[in-house]
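Count along the sequence shown from 1, add 25, and you get the number used in our numbering.
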Amino acid sequence: MIKKAVQEAFNEQIKNEIYSAYLYLSMNAHFTSANLNGFANWMRVQSGEEWLHAMKLYDFFAGSRRQSDSASDTAAADGF
Ligand SMILES: [Fe+2]
């Protein structure tokens, strides 16, 4: 079982990563509108990278929960 403080820290970091992805995407829009396509592309790549960071944290957290649930199910089946 993951402690509440750790869960909250994960949630906060996932939120920060997604917020960063959004900021980079908005910069992509700005540079696209200025017809600065090289800059726009770089921002788009950064946005995707931040989204990937969020998903890695999410997958790690979700995997930990699945393992915890599985261990609880096994313990319950064993009568613990
Ligand atoms: Fe990041």
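Here a beta-carbon is modelled for each residue, glycine too, at the ideal position from N, C-alpha and C.
Reduced DSSP category for residue i - H, G, I as helix; E, B as strand; rest coil
i          : result
residue 50 : helix
residue 61 : coil
residue 27 : coil
Integer Cβ distance of residue i from residue j, believed to fall under 8 Å
i          : j          : result
residue 72 : residue 27 : In fact, because the Cβ distance is near 28 Å, the residues do not count as touching under 8 Å.
residue 68 : residue 80 : Rounded, the Cβ-Cβ distance is 19 Å, inconsistent with contact.
Within the structure, which residues are defined as neighbours of ligand 1 by a Cβ-heavy atom distance below 5 Å, reported in chain order? 42, 75, 78
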